[in-house]
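Residue numbers (my numbering): 1 to 205. We put the CB at the ideal spot given by N, CA and C, even for glycine. Note that the structure is predicted; figures quoted are calculated from it, not measured.
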């Protein structure tokens with residue numbers, strides 16, 4: 001029985017395909033595993049942008065933190081605790097100006113925590129959140145997986161880098177792309193995503 005964490009971040013609300021398909025994956029895994037599902041909606045409840053209180057608070061001993069530092073660090077600790085508890089993480093991201101939303105960037109700024117989610121060894125950085133499965137759903141209006149626009153995909157590659165940096169290297173990617181290219185393209189994008197998700201869920205634990 002696995003614990004699943006669903007993190008959604010698109011500001012498009014019910015129109016968001018990344019949220020739709022990430023939710024489908026998370027609920028499908030929960031149904032199969034029988035374990036709990038935690039939902040973190042970063043649009044409905046966005047984490048704050050990091051502040052000096054957070055930067056200083058996380059390197060200050062708990063007993064020496066100011067009230068502002070205590071509050072700032074607690075936000076990060078709660079998000080990290082959710083990650084640590086999860087066996088499976090499903091992350092939905094809609095492309096905004098070639099990259100992830102600011103809400104998702106703020107989430108990563110909180111959970112990328114020295115000596116908590118990553119450390120440094122003799123060979124360089126080492127992620128500490130290991131042994132987890134991640135499903136990353138990215139959505140974009142254009143086609144970025146190949147072709148002329150591929151060099152401008154600062155969403156999928158960036159997210160894979162950040163996930164890997166904190167130890168989340170076992171990642172399956174589902175792309176929903178080309179949705180601004182007309183009604184037929186939307187149908188193809190949705191059909192491709194549904195096919196990919198069906199295959200993923202067939203082999204999910």
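Residues that residue i bridges to, as DSSP identifies them
{"i": "residue 8", "result": "41"}
{"i": "residue 88", "result": "4 and 133"}
{"i": "residue 121", "result": "124"}
{"i": "residue 99", "result": "96"}
{"i": "residue 114", "result": "118"}
{"i": "residue 140", "result": "177"}
Length of the line joining the Cα atoms of residue i and residue j
{"i": "residue 142", "j": "residue 197", "result": "20 Å"}
{"i": "residue 144", "j": "residue 49", "result": "28 Å"}
{"i": "residue 12", "j": "residue 55", "result": "30 Å"}
{"i": "residue 184", "j": "residue 191", "result": "11 Å"}
{"i": "residue 203", "j": "residue 132", "result": "15 Å"}
{"i": "residue 51", "j": "residue 70", "result": "12 Å"}
{"i": "residue 207", "j": "residue 39", "result": "Residue 207 is absent from the structure shown; the chain starts at 1 and stops at 205."}
{"i": "residue 66", "j": "residue 102", "result": "27 Å"}
{"i": "residue 149", "j": "residue 24", "result": "28 Å"}
{"i": "residue 176", "j": "residue 58", "result": "37 Å"}
{"i": "residue 62", "j": "residue 81", "result": "17 Å"}
{"i": "residue 130", "j": "residue 2", "result": "15 Å"}
{"i": "residue 74", "j": "residue 188", "result": "43 Å"}
{"i": "residue 17", "j": "residue 151", "result": "23 Å"}
{"i": "residue 193", "j": "residue 64", "result": "49 Å"}
{"i": "residue 42", "j": "residue 122", "result": "35 Å"}
Pair within 8 Å by beta-carbon distance, residue i and residue j
{"i": "residue 171", "j": "residue 163", "result": "yes"}
{"i": "residue 9", "j": "residue 79", "result": "no"}
{"i": "residue 21", "j": "residue 174", "result": "yes"}
{"i": "residue 72", "j": "residue 113", "result": "no"}
{"i": "residue 26", "j": "residue 4", "result": "yes"}
{"i": "residue 201", "j": "residue 166", "result": "no"}
{"i": "residue 195", "j": "residue 186", "result": "no"}
{"i": "residue 86", "j": "residue 47", "result": "no"}
{"i": "residue 89", "j": "residue 159", "result": "no"}
{"i": "residue 53", "j": "residue 68", "result": "yes"}
{"i": "residue 100", "j": "residue 155", "result": "yes"}
{"i": "residue 83", "j": "residue 111", "result": "yes"}
Short CB-CB distance (under 8 Å) between residue i and chain D
{"i": "residue 84", "result": "Of the protein chains in the structure, only one exists, and it is not chain D."}
For the segment 93-109 against the segment 128-141, do three or more pairs of beta-carbon atoms, one drawn from each stretch, fall closer than 8 Å, so that the two count as touching? Touching, yes, given that three or more Cβ pairs across the two stretches are closer than 8 Å.
Quick test of the definition: if touching needs 3 or more C-beta pairs under 8 Å, does the segment 31-41 touch the segment 118-129? Contact fails: fewer than three Cβ-Cβ distances are below 8 Å.
Any chance you could list the alpha helix (DSSP H) runs of at least 4 consecutive residues sitting entirely within the segment 142-202, in chain order? For the segment 142-202, the continuous alpha helix (DSSP H) assignments of 4+ residues that do not extend past its boundaries occur at 156-165, in sequence order.
As an exercise, report each continuous alpha helix (DSSP H) stretch of at least 4 residues that is fully enclosed by the segment 16-71, in chain order. Listed in chain order, the complete alpha helix (DSSP H) runs (minimum 4 residues) inside the segment 16-71 are 17-33 and 52-57.
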